[in-house]
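Residue numbers (the working numbering), protein chains in the order written: chain A, 1 to 229; chain B, 1 to 270. Idealized CB from N, CA, C, for every residue including glycine. Computed from a predicted model, the values in this text were never measured in an experiment. Reading through the structure tokens given below for one structure.
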Amino acid sequence: MAAPLRDGGSRPMTWDWDWAMEILPGLLTQGLLVTVQATIGGALLAFVLGLFLALLRRSPRPYISRPVGAVAEFIRSTPLLVQLFVLYYVMPDFGVKMTALTTGIIGLGVHYATYTAEVYRAGIDCVPKGQWEAAVALNLPRRWSWFSIILPQAVRRSLPALGNYLVAIFKESPQLSVITVVDVVGLARELGSERFRYLEPMTIAGLFFLLIAIPASILVRRMERRLDT
Amino acid sequence: MTPESQPGTPAEPDPQWMVRFDKVVKTFGDATVLRELDFQVRPGERVTLIGPSGSGKTTILRLLMTLERVTSGTIHIDGECLSHMRRGTRRVPADERHLRRVRKRIGMVFQQFNLFPNMNVLRNITEAPVRALGVPRDQAEDKARELLEMVGLADKALAHPSQLSGGQQQRVAIARALAMEPEVLLLDEVTSALDPELVSGVQCLLRDIAQQGNLTLLCVTHEMNFARDISDRVLMFDHGRILEEGPPDQIFSEPEQQRTREFLQAVLDV
């Protein structure tokens, strides 16, 4: 064993079951609820917006594809943390006011949309050229071919990678605490700061992530295998 | 170019030629695939294109299907220009609307089938008549079931392409092309991707189709027996030009060109 952890005083750090049990319900309900809201909201936005970005970037018109590409590159090349700060503390100066959670969901969603757009792009490129050629040979309308032939196949191929981003968004969601969103980690920190004791709340918060992320990853891997065959 | 072949003239049916290539050139980058190609196909004629790979046969089908555009020259389908249209007095490359109109008359079956994997067999066949021709869905489905009956897959209407063998997929693809009631049907090495034991079934089906209708057929194949059975005329291609042409018996039995003899020997020996 390493030297006992200190918690500000000189008492050796031991796991306090009573306190852990006391804070568990709050973390489980209030904290985790916000985390799940942020994750699902952010992921939905990222998945939908990403698809639009991918389509706009493929536009044959350069005055559409270029700016969209540049903005996506810009967002991908700056930290999520900076984007969250700008959204929450700078945008209100321009008259855009939203609750912390809404801001956080938009921040996460837009940030990850630039990544999921790449996933969709790869998925679209994977659809064999022959599918387009058959659609042309059958004189099917272009737009209909996109939405009924190409995209369903592309999205299917994209699902495993999107699943990975869902897990990533879940794990990145504690960053929203910098804009006052009290997610499970934010709540753990508040609880910890009340007693200057972080062992129990942070361990519980970490376990939540572990317990959700691991099965999710396994599911994604199983999905990958099924699509490969 | 004769005056009446001016591209963009109001489409008057050409009683003589269903397909007409005039000085068609097609290049891909530095490679010239077709060199000033002239050739014609009569309505209802069944023509097979043979020749070594890279000789431009498939490109001809792809140009007709508007999957590629000519570099220069013109292509007419029943008197209607495929590659160009007239805007005012000028001749300009055909736009999408013009292409859609001309394309209605042409169908194509691909080497790799290219069925839509996310739809069942019935929808693979009905979507194009419904979406592109505006046929009511129930009518399109009746027609599709008839066609499936004809290709021997009446019981597979609700199957998905991935559940079918290559031969069955290709039969569905043939039914799908015929559902559009094309006047010209293009067959691009339709049995090349099939397991050997499935080839003859698909060939028999196509032979029946060729004999039934007044479909104009352009067929690229490496199966010489099939070419002999199915066609009225065989064109031997080499380096983007027609080297020699004639009825199948003549081409296969007593070709004039040394190059044709070599080619036939090579493919028949395999």
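Taking only the alpha-carbon atoms, compute the straight-line gap between residue i and residue j and give it to the nearest angstrom.
i, j, result
"L162 of chain A", "T14 of chain A", "40 Å"
"F147 of chain A", "D208 of chain B", "36 Å"
"M1 of chain A", "L101 of chain A", "Low per-residue confidence applies at M1 of chain A: pLDDT is 46, beneath 50, and the placement is therefore not dependable, though the value from the model is reported in the following sentence. So the two alpha carbons sit approximately 41 Å from each other."
"P247 of chain B", "T260 of chain B", "14 Å"
"L140 of chain A", "I60 of chain B", "22 Å"
"W17 of chain A", "Y198 of chain A", "13 Å"
"E4 of chain B", "P13 of chain B", "With a pLDDT of only 44 at E4 of chain B, under the threshold of 50, the placement of this residue in the model should not be trusted, and no figure is reported."
"G201 of chain B", "L218 of chain B", "19 Å"
"G79 of chain B", "A168 of chain A", "60 Å"
"T203 of chain A", "H111 of chain A", "28 Å"
"E133 of chain A", "L205 of chain B", "23 Å"
"L28 of chain A", "Q163 of chain B", "46 Å"
"L211 of chain A", "Q30 of chain A", "17 Å"
"E200 of chain A", "A20 of chain A", "6 Å"
"R225 of chain A", "A43 of chain A", "23 Å"
"Q153 of chain A", "L138 of chain A", "18 Å"
"E189 of chain B", "V36 of chain A", "54 Å"
"E118 of chain A", "A54 of chain A", "7 Å"
"Y120 of chain A", "I106 of chain B", "33 Å"
"Q169 of chain B", "I242 of chain B", "32 Å"
"A154 of chain B", "R176 of chain B", "13 Å"
"M1 of chain B", "D138 of chain B", "Reliability of the predicted coordinates at M1 of chain B is poor, the pLDDT of 44 falling under 50, and no value is obtained from them."
"V92 of chain B", "G152 of chain B", "45 Å"
"S158 of chain A", "D249 of chain B", "53 Å"
"T71 of chain B", "F28 of chain B", "9 Å"
"R97 of chain B", "K104 of chain B", "11 Å"
"Q258 of chain B", "S59 of chain A", "51 Å"
Could you tell me which residues DSSP puts in a beta bridge with residue i?
i, result
"A31 of chain B", "B:F28"
"I50 of chain B", "B:M236"
"D22 of chain B", "B:T74"
"H222 of chain B", "Answer is none; H222 of chain B lacks a bridge partner."
"F39 of chain B", "B:F21"
"L187 of chain B", "B:V109 and B:C219"
"C81 of chain B", "B:H76"
"I242 of chain B", "B:F237"
"L93 of chain B", "Residue identity differs from the one stated: residue 93 of chain B is Pro in this sequence, not Leu. Its beta-bridge partners are B:H84."
Could you tell me whether any Cβ in chain B is nearer than 8 Å to the Cβ of residue i?
i, result
"Q30 of chain A", "no"
"Q83 of chain A", "no"
"Q153 of chain A", "yes"
"R226 of chain A", "no"
Using a Cβ-Cβ distance cut-off of 8 Å, determine whether residue i contacts chain A.
i, result
"E127 of chain B", "yes"
"V19 of chain B", "no"
"N120 of chain B", "no"
"L180 of chain B", "According to the sequence as given, residue 180 of chain B is Met; it is not Leu. Yes - at least one Cβ of chain A is within 8 Å of the one on M180 of chain B."
"A175 of chain B", "no"
"P13 of chain B", "no"
"R137 of chain B", "no"
"R228 of chain B", "no"
"F116 of chain B", "yes"
"R131 of chain B", "yes"
Using a Cβ-Cβ distance under 8 Å, would residue i count as near chain C?
i, result
"P15 of chain B", "In the displayed structure, chain C is absent; the protein chains listed are A and B."
Completely contained alpha helix (DSSP H) runs for the stretch 122-163 of chain A, where each covers 4 or more residues
129-137 and 142-145
Compile a chain-ordered list of the residues in the stretch 125-151 of chain A whose CB is closer than 7 Å to at least one CB of chain B.
G130, Q131, E133, A134, V136, A137, L138, N139, L140, P141, W144 and I149
For the stretch 88-112 of chain B, which residues have a beta carbon sitting closer than 8 Å to at least one beta carbon of chain A?
E96, R100, R103, K104, I106, G107, M108, F110 and Q112
Against chain A: residues of the stretch 206-226 of chain B by CB proximity under 7 Å
Against chain A - using a Cβ distance shorter than 7 Å - the stretch 206-226 of chain B contributes no residues.
Mind checking the stretch 58-90 of chain B against chain A and listing, in chain order, the residues whose C-beta falls within less than 9 Å of any C-beta there?
R62, M65, T66 and L67
Scan the stretch 24-48 of chain B for residues whose Cβ lies nearer than 9 Å to a Cβ of chain A and list them as they occur along the chain.
none
Going along the chain, which unbroken runs of the alpha helix (DSSP H) with 4 or more residues stay wholly within the stretch 153-223 of chain A?
184-195
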